[in-house]
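In the numbering used here, the protein residues as written are 137 to 371.
Quick reminder that beta carbons are idealized off the backbone N, C-alpha and C, glycines included.
Everything on this sheet refers to the single structure shown next.
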């Protein structure tokens with residue numbers, strides 16, 4: 137397993153606006169929040185501790201609605217995403233505790249706007265770290281003459297949330313300071329797990345390095361969907 141840190145996050149301002157429910161960053165109303173957005177963005181850049189642990193393990197489709205990870209862990213899954221895959225990239229990623237703690241402190245102090253914007257910055261940071269990871273994986277896999285599939289996160293319709301327990305068995309989330317609770321939720325909150333199918337000829341390949349709403353099953357219902365707001369990010 138490999139460990140990596142990300143120190144080149146940008147925290148795109150338009151994404152921060154979108155994450156706090158203001159998709160049109162250029163509107164007059166949104167511009168009223170510009171000083172707070174920039175202040176919290178700079179604070180977030182000081183607090184973020186983006187890091188990741190990842191590895192490649194074998195995968196096999198073992199039956200209708202089931203895959204086998206690392207030759208021993210069965211998981212319910214939408215198998216069409218794994219057809220043609222011989223391995224998967226698995227990862228646990230986080231931006232750490234400092235931003236989360238400061239956001240909570242701001243809320244408790246009654247600084248609701250600052251707390252909300254800082255929390256939104258944390259979500260953008262996790263998205264950007266995911267995109268950096270995705271880009272790295274695509275580059276590694278293409279160099280081997282293989283294909284990558286879609287980003288699949290436990291808790292989506294492709295893989296149940298319970299799969300996180302297996303990922304934490306295969307990867308040492310504790311090395312990142314991440315714990316997994318009984319409800320399969322992670323702490324720090326701004327953390328995620330990830331599975332990307334890899335194979336020579338996938339049934340559902342996706343070679344894009346960009347993280348797009350088109351990848352997500354919740355694209356039409358998500359309050360932050362770029363598609364919903366007519367601002368789909370280019371692939």
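field: Cutoff 8 Å; reference residue 271; Cβ partners in own chain excluding five residues on either side
entry: Closer than 8 Å at the Cβ level, and outside the excluded window around residue 271, lie 345.
query: Looking at residue 328 and residue 217, is the spacing between their C-beta atoms short of 8 Å?
result: Judged by their CB atoms, residue 217 and residue 328 are not nearer to each other than the 8 Å cut-off.
query: In terms of alpha-carbon separation, which member of 325, 301, 321, 142 lies closest to residue 132?
result: Residue 132 lies beyond the stretch modelled for the chain, which goes from 137 to 371, so this question has no answer here.
task: Quick one: using the 10 Å Cβ neighbour count with 16 as the cut-off for buried, is residue 176 buried or exposed?
output: Flag for residue 176 reads buried.
Beta strand (DSSP E) runs contained entirely in the stretch 233 to 312, provided each spans 3 or more residues: The qualifying runs do not exist here; there are none.
- prompt: Do residue 151 and residue 260 come within 8 Å of each other at the CB atom, strictly closer than that value?
  reply: Against a cut-off of 8 Å, the Cβ pair of residue 151 and residue 260 comes out as a contact.
field: Beta-carbon proximity of residue 212 to residue 296, cut-off 8 Å
entry: Taking 8 Å as the Cβ cut-off, residue 212 and residue 296 qualify as a contacting pair.
Bridge partner(s) assigned by DSSP for residue 229: 188, 328.
message: Rounded to the nearest angstrom, what separates residue 325 and residue 334 at their Cα positions?
response: One C-alpha to the other measures close to 28 Å.
- prompt: Tell me which same chain residues have a C-beta within less than 6 Å of the C-beta of residue 222, skipping the five on either side of it?
  reply: Correct list, in chain order: 335.
- request: Buried or exposed for residue 280, please, with buried defined as at least 16 other CB atoms from any protein chain shown within 10 angstroms of its CB.
  value: Exposed.
Where residue 141 falls: helix, strand or coil (DSSP): In this structure, DSSP gives residue 141 an extended state, which the three-state scheme calls strand.
message: Does residue 322 pass the burial test, meaning 16 or more other C-beta atoms within 10 Å, or should it be called exposed?
response: Here residue 322 is buried, its C-beta having at least 16 other C-beta atoms within 10 Å.
- prompt: Cβ atoms of residue 197 and residue 219: under 8 Å apart, would you say?
  reply: For residue 219 and residue 197, yes; Cβs fall inside 8 Å.
task: Taking residue 173 as the reference, give the member of 153, 188, 186, 299 with the closest Cα.
output: Ranked by Cα distance from residue 173, the first of 153, 188, 186, 299 is 153.
- prompt: Nearest-angstrom Cα distance between residue 186 and residue 202?
  reply: Straight-line Cα distance between these residues: approximately 32 Å.
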